[in-house]
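>
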Amino acid sequence: MPTVNSTSDEEPLLSGNRQLYNASDSEDEGDTLFERRTSNERDADEDARGRLTYEEAIEVAGFGPFHGLLLLVCGWANASDAVEIVGVSFLLPTARCDLLLSSSDMGLLTASIFLGMMAGGYLWGYMADRRGRCSVLVVSLTVNGVFGGLASAAQRFWLFLLLRFISGVGVGGSIPVIFSYFSEFIPRLRRGAMISALATFWMAGNILAAGLAWLVIPGSWAHFSLGPLDFQSWRVFVVLCSIPSITSAIIFKLFMPESPKFLTEAGRETEAIQVFRQMHRVNTLGKGTSFPEFSLHVNVKQREDKTQTRQACGRLGAVLKQGLMPVRLMFSGNLKSRSIVLLLIFYCISFSYYGLWMWFPELFARMEDGGSPCASNVSAATAQPNHSCYPVNTVVYEEGFFIAAANLPGNIFTILVMDTVGGRLLLSSSLLVSSLSVFLIYAVQTKTQSLVLSCLFSGVSVIAWNALDVVGTELYPTQLRSSALGVFTGAGRVAAIMGNVAFGSLVDSDCAVPVLLVSGLLLAGGVVALFLPRSKQTELA
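Set out below in C-alpha cells:
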C-alpha cells in the first residue's frame, strides 16, 4: 500500500523549493540574479516563507491514531444512516399487519425515507459548503435519530409515513457530508483506501440492522403495552435503530473538529492550523515530535467572493440565485461531462440497489414454499388481521442477516485494491457483475439458488458503492464537494423512490418486470462509468 511522508520528512516539506536569497545592497552587484528581481518578487518570496499548501500541511500533520479515531467516529455515523434506511425493509413482514398495509402502501413506506433524503440532500450539502461540515452533521444526525425514534409510537400509517420522511431529511444530510468531512483529513496517497474503509461501515450498519431485526422482531420479550399503545416488537426495533444516529450527533458535537480544508478555503487559516496541530499531537503521541511553525496558502479571491455573496443575500432572489449556484457550476465547463455521467450512475445504482434490497425480506417471505421470488405471485398485499403475522417467521430475518454479511468480502476487496486499480474500473466492473447476478436471481428456480445469488449481488454491489464514494469525492473542488454529492444523492433518492414504488406496484402482478429492469439499469450504469475521468490518488482541489 502506498505510504505518505512521515514526520521525519517535515524539513524537506518546509524547505524544499523555498530557499530565499538576500539581495545585496551594493550597487556593484547589478549583474547578479538578485538585483534583476523586482521588489515585488522579493516581497512575494518573503510572504512565501514557511507557507504550505493544504496537501503539504496534511502531510506535516502525519498519519496515525487520529485517523483511526476519525474513521471510527465517521464510520459509526455512516452505519447509523444504513441502520435507519435498511431497517425499514425488516419492518415490512410484521408492520404491514399492525398498520394494515397493502403492497402499494409498503412501497410508499420504503420510498418515504428516500423522499426525505432527496429533500434534505442538497439543502444540507449546500449548508455544509457554506457553514461548515461538523455543525451540519450534528443537526442532520439529530433530526435523523429523534424523528426516527418518534415513528415507533405512530399508530396511524400517515403519521408513521410523515415521521419516516422527516427522519429521511436528516439522513439526506449526513450521507454526502460525512464523506466530504472525512476525506478532507486524509493524505492524498491514503485517501482511496481510507474512504473505502469508511464505506465498509455501511455494511456494518446493514449487519447491525439485520442482527437487531433477527434478535428483536421475532422475540416475544419485546412485546409490551405502553398505555393505550400495543408496543409490538417491531416498534422496539424502530427505537433501537435511532440510537446510533443520536450517539453520533453527540460525539460530533463534543469531540470532533471542523474540516481543515473547509477552514482553509474559508480564510480561517488560524483555526485550520490549530486542527493540523491537534492531528499532529495525536498522531505523534509519545514520540516527542514538535509541530513546525507554518502558514497556509489561502484562496483570497474565494474569501472576497464569499464576502460579496453575504452582502448580496439581502433579497430573496439573491438567496435563491446563490443557492442554485453550485448546480450551475457543476454543469458548466470541464465539470459538465463528469456531472452528467455521475448523475446517470447514481440513478441507475440507486433505483436498482434500493429497489431490490428493500424488498428482499418480503420476497424471501414469499419463497417459503420454494421456488424463485417470481415463481409465485402470492399476494401479501391485502390488509390482514393482527394475528396473521404472528408468530414471526425467524427464517426471513436469518436470511436477511446472511445477505447483509455477504457485503464483507466486497468491502475487504475494495480496501485492498482501490488505490491500485482506481475507482473508475472498480465501479464499472462491479456494476456489470451485479447486473448479471440480478438477472440470474430471476432465472433460478429454487430458494437456495436465489439466496446464493442474492448474497453475490450484495457482495459485488457494495464494491460499486464504495468506488462511487471515492470517485464522487475526488472529482470536485472543496467549495462544491458536499453540494455535488448532495445533488447526486438527491437524484439517487428519486431513483430509489421510483424503484420502491415500481416494486410495490408490480410485485403482486408481475415481479419479473422490476427485477429485469434492475438488471438492465445496472448494465447501463457499468457502461456509462467508463466515461468518467481518472481520479486515482489525485490531490483534492
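All residue numbers for the sequence shown refer to my numbering, where the first residue is 27 and numbers rise by one.
Ideal Cβ placement from N, Cα and C applies to all residues, glycine included.
Can you give me the C-alpha to C-alpha distance between Leu494 and Met282, rounded to a whole angstrom?
Along the sequence shown, read from residue 1 onward, the residue named residue 494 stands at position 468. Along the sequence shown, read from residue 1 onward, the residue named residue 282 stands at position 256. Computed Cα separation, rounded: 26 Å.
> Just the Cα atoms here: how many angstroms apart are Asn309 and Ser321?
By 1-based counting over the sequence shown, the position of residue 309 is 283. By 1-based counting over the sequence shown, the position of residue 321 is 295. Whole-angstrom Cα-Cα distance: 20 Å.
> Would a C-beta distance cut-off of 9 Å place Arg507 and Met143 closer than the cut-off?
As a position in the sequence shown, residue 507 is number 481, starting the count at 1. As a position in the sequence shown, residue 143 is number 117, starting the count at 1. Not a contact, by the Cβ cut-off of 9 Å.
> Entirely within the stretch 252-290 and at least 4 residues each: give me those alpha helix (DSSP H) ranges in chain order.
259-281
> Classify Leu549 as buried or exposed, calling it buried when 16 or more other Cβ atoms lie within 10 Å of its own Cβ.
Taking the sequence shown and counting its residues from 1, the one referred to as residue 549 is at position 523. Buried, by the Cβ-count rule.
> Can you list the alpha helix (DSSP H) stretches of 4 or more residues lying completely in the stretch 88-130, in chain order?
Counting whole runs of 4 or more residues, the stretch 88-130 contains the alpha helix (DSSP H) stretches 91-124.
> Does the beta-carbon distance from Leu452 to Ile489 come in below 9 Å?
Within the sequence shown, residue 452 is the residue found at index 426, counting from 1. Within the sequence shown, residue 489 is the residue found at index 463, counting from 1. Yes. Within cutoff.
> Within the present structure, is the beta-carbon of Met351 separated from the nearest heavy atom of the ligand GDP by less than 8 Å?
Only the bare structure without any ligand can be found here, which leaves the ligand GDP out of the picture.
> Decide if Asn590 is buried, meaning its Cβ has at least 16 other Cβ atoms within 10 Å, or exposed.
Look at the range of the chain in this structure, 27 to 567, and you will see that residue 590 is not part of it.
> Between the alpha carbons of Val367 and Tyr468, how many angstroms are there, rounded?
Taking the sequence shown and counting its residues from 1, the one referred to as residue 367 is at position 341. Taking the sequence shown and counting its residues from 1, the one referred to as residue 468 is at position 442. Their backbone Cα atoms lie some 28 Å apart in a straight line.
> Distance check for Phe427 and Gly622, CA to CA, integer angstroms please.
Residue 622 lies beyond the stretch modelled for the chain, which goes from 27 to 567, so this question has no answer here.
> Should Arg354 go down as buried or exposed, given a rule of 16 or more other Cβ atoms within 10 Å for buried?
The sequence position of residue 354 within the sequence shown is 328, counting from 1. So Arg354 ends up on the exposed side.
> Among the candidates Leu117, Ile84, Phe439, Ser476, whose CA atom is the shortest distance from the CA of Ser259?
Position 233 of the sequence shown, counted from the start, is the residue given in the question as residue 259. Of the candidates Leu117, Ile84, Phe439, Ser476, the one whose C-alpha sits nearest the C-alpha of Ser259 is Leu117.
> Just the C-alpha distance for Ser222 and Asn492, rounded to the nearest angstrom, thanks.
Locating residue 222 in the sequence shown gives position 196, where the first residue counts as 1. Locating residue 492 in the sequence shown gives position 466, where the first residue counts as 1. Going from the Cα of Ser222 to the Cα of Asn492 covers about 5 Å.
> If we require 4 or more residues per run, which alpha helix (DSSP H) segments fall completely within the stretch 154-205?
159-176
> Trp24: buried (16+ other C-beta within 10 angstroms of its C-beta) or exposed?
Since the first residue of the chain shown is 27 and the last is 567, residue 24 is not available in this structure.
> Tell me Arg77's beta-bridge partners as DSSP assigns them.
As a working mapping, residue 77 is identified with position 51 in the sequence shown. According to DSSP, which records beta bridges pairwise, Arg77 is partnered with Ser321.
> Does DSSP put Phe302 in a helix, in a strand, or in coil?
Locating residue 302 in the sequence shown gives position 276, where the first residue counts as 1. Residue state, collapsed to three classes: helix.
> In whole angstroms, give me the CA-to-CA distance for Ser456 and Val486.
Here residue 456 refers to the residue found at position 430 of the sequence shown. Here residue 486 refers to the residue found at position 460 of the sequence shown. Taking the straight line from one Cα to the other gives about 6 Å.
> Considering just the uninterrupted stretch of the alpha helix (DSSP H) at Tyr423, what are its terminal residues?
Within the sequence shown, the letter at position 397 stands for residue 423. Note, Tyr423: alpha helix (DSSP H), 420-431.
> Please report how far the alpha carbon of Ser271 lies from the alpha carbon of Asp107, in whole angstroms.
For this step, residue 271 is matched to residue 245 along the sequence shown. For this step, residue 107 is matched to residue 81 along the sequence shown. In a straight line, the C-alpha of Ser271 is about 7 Å away from that of Asp107.
> Buried or exposed: where does Pro559 fall if 16 or more other Cβ atoms within 10 Å of its Cβ makes it buried?
One-based indexing of the sequence shown puts residue 559 at position 533. Within 10 angstroms of the beta-carbon of Pro559 lie fewer than 16 other beta-carbons, which makes it exposed.
> Short of 6 Å in beta carbon distance, which residues of its chain neighbour Ser484, apart from the five on each side in sequence? Order them along the chain.
Along the sequence shown, read from residue 1 onward, the residue named residue 484 stands at position 458. Within the same chain, Ser484 has close Cβ partners Ile429, Ala432, Asn433.
> Check whether the stretch 195-204 touches the stretch 169-178, counting contact only when three or more Cβ pairs, one atom from each stretch, lie closer than 8 Å.
yes
> Rounded to whole angstroms, what's the CA-CA distance from Ala538 to Ser129? Just pull it up for me.
Locating residue 538 in the sequence shown gives position 512, where the first residue counts as 1. Locating residue 129 in the sequence shown gives position 103, where the first residue counts as 1. Ser129 has its alpha-carbon roughly 16 Å from the corresponding atom of Ala538.
> Could you give the distance in angstroms between the alpha-carbon of Pro119 and the alpha-carbon of Ala239?
On the sequence shown, residue 119 is found 93 positions in, with the first residue counted as 1. On the sequence shown, residue 239 is found 213 positions in, with the first residue counted as 1. Whole-angstrom Cα-Cα distance: 11 Å.
> Express the C-alpha separation of Gln505 and Thr499 in angstroms, rounding to a whole number.
Here residue 499 is taken as the residue at index 473 of the sequence shown, counted from 1. Here residue 505 is taken as the residue at index 479 of the sequence shown, counted from 1. Each residue's alpha carbon lies about 12 Å from the other.
> Could you work out which residue in Val164, Asp131, Phe514, Arg303 is closest to Trp385 when comparing CA atoms only?
By 1-based counting over the sequence shown, the position of residue 385 is 359. Cα-wise, what sits closest to Trp385 is Asp131.
> Under DSSP, the alpha helix (DSSP H) around Lys362 begins and ends at which residues?
Here residue 362 is taken as the residue at index 336 of the sequence shown, counted from 1. Start and end: 362-383.
> Could you check the C-alpha separation between Met524 and Gly546 for me, to the nearest Å?
Your numbering for residue 524 matches position 498 in the sequence shown. Your numbering for residue 546 matches position 520 in the sequence shown. If you draw a straight line from the Cα of Met524 to the Cα of Gly546, it is about 15 Å long.
> Pick out whichever of Arg190, Phe208, Gly448, Ser365 has its Cα sitting closest to the Cα of His93.
Within the sequence shown, numbered from 1, the residue matching residue 93 stands at position 67. Considering only alpha carbons, the answer is Phe208.
> First and last residue of the alpha helix (DSSP H) that includes Arg294?
Walking along the sequence shown from the start, residue 294 turns up at place 268. From DSSP, Arg294 is part of no alpha helix (DSSP H); its letter is neither H nor E.
> Measure the Cβ-Cβ separation of Val606 and Ser138 and say whether it is below 9 Å.
Lying outside 27 to 567, the shown extent of the chain, residue 606 is not represented and no answer is given.
> Between which two residues does the alpha helix (DSSP H) containing Tyr468 stretch?
On the sequence shown, residue 468 is found 442 positions in, with the first residue counted as 1. Where Tyr468 is concerned, the enclosing alpha helix (DSSP H) stretches over 449-469.
> Leaving aside the five residues before and after Tyr148 along the sequence, list all residues of the same chain whose C-beta is less than 6 Å from its C-beta, in chain order.
Numbered from 1 along the sequence shown, position 122 holds the residue referred to as residue 148. Hits under 6 Å: Gly512, Val513, Gly516.
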